[in-house]
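Below is one structure, written out as structure tokens; comments come after it.
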Amino acid sequence: MYNVLYIVLIAVIALLLAFFQYLYKNRKTTSNVFLFLLRFSTLFLVFLLLFNPSIKKQKIETIKPNLSISVDQSKSIKHLKQESNVRSFVELLKANKQLNEKFNVRYYSFGSNFKELDSLSFSENQTNLFKPINEFSKLYKKQNNPVLLITDGNQTIGNSIEFSNYKSPVYALVVGDTTKLQDIYIHQINANKQTYINNKVQVELFINYEGNKDVSKKLTISYKGKNIFSKTLHFSKENNVHIESLFVTASEKGNQYYNARIETLENEKNTSNNSKSFSINVIEEKMKILLLSSIVHPDLGMFKKSIESNKQREVVIKNIKEFKEDLSNYQLVILNQPTKEFETVFNSIKSKELNYFVITGLQTDWEFLNKIQSNFYKEAISKSELYKANFNKDYSSFLNTDIGFSKFSPIEDKFGKIIVNTKVNTIAFQKIGSFETKNPLLATIEGTRNRVGVLFGENSWRWRMQSFLENKSFQPFDDFMSSLILYMSSNKRNNRLQVNLSSIYYANEVLKISSIYLDENLNFDPRAKLWLQIDNKELKSSEKTPFSLQNNSFKAELENLKPGEYSYTVSVENQSIKKYGSFKVEPFEIEQQKENANDKALKYLAHNTKGSVFYNTQEQLVIDTLLKNEDFKSIQKSSIEKTPLINWKWLLVLIVLLLSVEWFARKYYGKI
């Protein structure tokens, strides 16, 4: 309506202007009328160009819900002989017109990686069920975006999918037989990855049994082909998980490989998971530890005796007033009840970024300690308090067990609230009388450049004595202290070349190695060129490959390595810096450890997201369920579009043409 009024108004104005120029008080000759019409047309088009009238058009867009179909591409699908079932179902989905009309269907594949589906190869060496769900959560922030997983449900890497918070329903077609087969297997092995020579290392094994009968099977641990541990374990339908804890002695330096094996069941179909390997890196160097104190206290003797129970460690006790050495000569500095006299030592620790362990007590100057470091703060008062130890079973920085902390005598410290200013990992919490607190009593802190430990209290010497009375041996306490000191003294800060890789890989697994090279100022140096060389003496093979720079690290990948033990060397071109080590490739593939499908985690996921789980022969039911679900509706989105009535380019050309004709006409009629 408004556009019509504008056009009429423009026409009237153009008419009046042209009339006053050529016809008002002039004779109405043919030439004047012709020039009047030309000027009217020109002015009308100029005004039309300036006002640029447009029309509004309502555009309605139909947005279909997304259906993300993610197909398991791992080798376990091929191992369970389900390739043809998966292929036929994918083709069925693609051919269904109703499904494609209702949904915006997109196909993806997952295994160890996640990507858009191009072809079905079933060649992935690992299965990460969490990967597609996590990626879809990032991609689709709102609801109305269902997911269909086509998988056998056997996950080998990644986080658990059971408690995913994906906002739309997740459906799963489980391929393969889900019937539970009789099986006994080693589920997990926990062991500290590093120790010193002649140390005893704690190992925890988790053995699972799936069956209805009562069985007794022998667990053995072997090292270099010889059995070093053997024990018969008893299982039943109810008692189907056994945790075995033992110690192995690290007698040789370097990566030492051990194999755990549980006897097979009668007629057990899957036997590849009855054995599992683990490794321990054994260090030969002797560790030197400095213990600084301004007072004489029984705790000093306890720490020295307990730490030096490991012959590879030496504890040097010094009075803070007399100490003038270089702290760099020590792998760990223990500071007993710091006061202002420790200021120079603290400043040196900061500048050299050394690991240190603080023991507090009644002689501690808390005003000084609160100012000199920023990891923790205590609002201490002059009154003292007795604190018992409450063991934290969730401590994760290194493997340890409760050595009877709850039975130990309380230790004494000044009373006050502890405020931790950084991420702390607590070994034992404070317990005052029968009141359990969340304040740390014994804790470690993992900094960016160093590690810090703290024991809030004195008289811990009683702990070692009580452990002896309880166990008739100092070994449990000393083993715990050994693990704590090993963790506290470990520091990669001084290593300009750092290499990160696993010590055990499975057959056909991609071997991934990452490395960091620092310049002399300990800054990452992206200009360096790193090389990886691996050798296998038994196979008489050698391979050398360059690292590639990715973000702030160097990475290398190797595939199709034959089973066996390999040594590796990482070197920096034109530098003498090198890193040596070893790893082992197991003779079996991890994707072949399951002989049936697993729907347990998928059921939890489907239930939590209001989806469903389907099985072989239910392919059409999957499609029908998706089509009949009224929650998945297309959304109509309307928008208003303004479309110009005229094309300004053609209008401009027409104006120029009219002006040109008018000029030539005026010239012809002698008006110029």
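Just so we're aligned: the sequence shown equals residues -8 to 663 in my numbering. The beta-carbon is built from N, C-alpha and C at its ideal position, and this holds for glycine as well.
Per DSSP, glutamine 364 has no beta bridge partner at all. Just measuring C-alpha positions, the residue of His225, Lys408, Ser151 sitting nearest leucine 593 is Ser151. In the structure shown, the three-state DSSP call for glycine 395 is coil.
Taking one beta carbon from each stretch, the stretch 312 to 331 and the stretch 281 to 294 have 3 or more pairs nearer than 8 Å; the two touch. Assignment of threonine 20 by DSSP, reduced to helix, strand and coil, places it in the coil class. Residue nearest to leucine 196 within the set Ser558, Leu237, Gly202, Ile219 is Leu237 (criterion: CA-CA distance).
Histidine 288 carries a coil assignment under DSSP once its states are collapsed to helix, strand and coil. In the three-state scheme derived from DSSP, where H, G and I count as helix and E and B as strand, threonine 435 is classed as strand. Under DSSP, glutamine 185 shares a beta bridge with Asn272. Here serine 506 is buried, its C-beta having at least 16 other C-beta atoms within 10 Å. Between the beta-carbon of serine 388 and that of glutamate 437 there is about 7 Å, and that keeps the pair under the 8 Å contact cut. In this structure, the alpha-carbon of proline 401 lies about 57 Å from that of serine 61. Secondary structure note for proline 123: it is in no beta strand (DSSP E), and the uninterrupted alpha helix (DSSP H) holding it is 121 to 130. Looking at Lys296, Ile626, Thr142, the one whose alpha-carbon comes closest to that of serine 100 is Thr142. Short of 7 Å from the beta carbon of isoleucine 298, and not among the five residues preceding or following it, lie these beta carbons of its own chain, in chain order: Ile280, Arg304, Val306, Met472, Ile476. Per the DSSP secondary-structure output, alanine 592 pairs with nothing in a beta bridge. In this chain, phenylalanine 333 is not harboured by any beta strand (DSSP E), its DSSP state being neither H nor E.
Sorting Thr417, Val206, Asp109 by C-alpha distance to the C-alpha of aspartate 393 places Thr417 at the top. Taking isoleucine 340 as the centre and dropping the five residues before and after it, the same chain places the C-beta of Tyr347 closer than 6 Å to its C-beta, in chain order. In this structure, the CA atom of isoleucine 124 is about 56 Å from the CA atom of isoleucine 308.
In this chain, aspartate 63 is not harboured by any alpha helix (DSSP H); it is covered by the beta strand (DSSP E) spanning 57 to 63. Buried is the label assigned to alanine 419, since at least 16 other Cβ atoms lie within 10 Å of its Cβ.
For arginine 442, the uninterrupted beta strand (DSSP E) segment begins and ends at 442 to 447.
A direct Cα-to-Cα measurement between glutamate 582 and asparagine 145 gives close to 8 Å.
Annotation for valine 77: no beta strand (DSSP E) segment contains it, though the alpha helix (DSSP H) segment containing it runs 74 to 86.
With 16 or more other CB atoms across the displayed protein chains lying within 10 angstroms of its CB, proline 160 is buried. Nearest Cα to glutamate 201 within the set Tyr214, His225, Lys215, Ser213: His225.
A Cβ-Cβ contact shorter than 8 Å links phenylalanine 269 with isoleucine 180.
Taking a contact to require three or more Cβ pairs closer than 8 Å, the stretch 64 to 79 and the stretch 100 to 116 qualify as touching. CA-to-CA, the gap between valine 336 and glutamine 322 works out to about 15 Å. Just so you know, the alpha carbons of phenylalanine 465 and glycine 572 end up roughly 34 Å apart. Judged by DSSP in its simplified three-state form, tyrosine 162 adopts strand.
According to DSSP, residue pairing for valine 349 in a beta bridge involves Leu326, Val445.
Contact check for tyrosine 378 and aspartate 404: beta-carbon distance about 6 Å, within the 8 Å limit, so the pair qualifies. Rounded to the nearest whole angstrom, the CA to CA distance from leucine 29 to leucine 649 is 6 Å.
Contact between leucine 120 and glycine 149 is confirmed by a C-beta separation of about 7 Å, below the 8 Å threshold.
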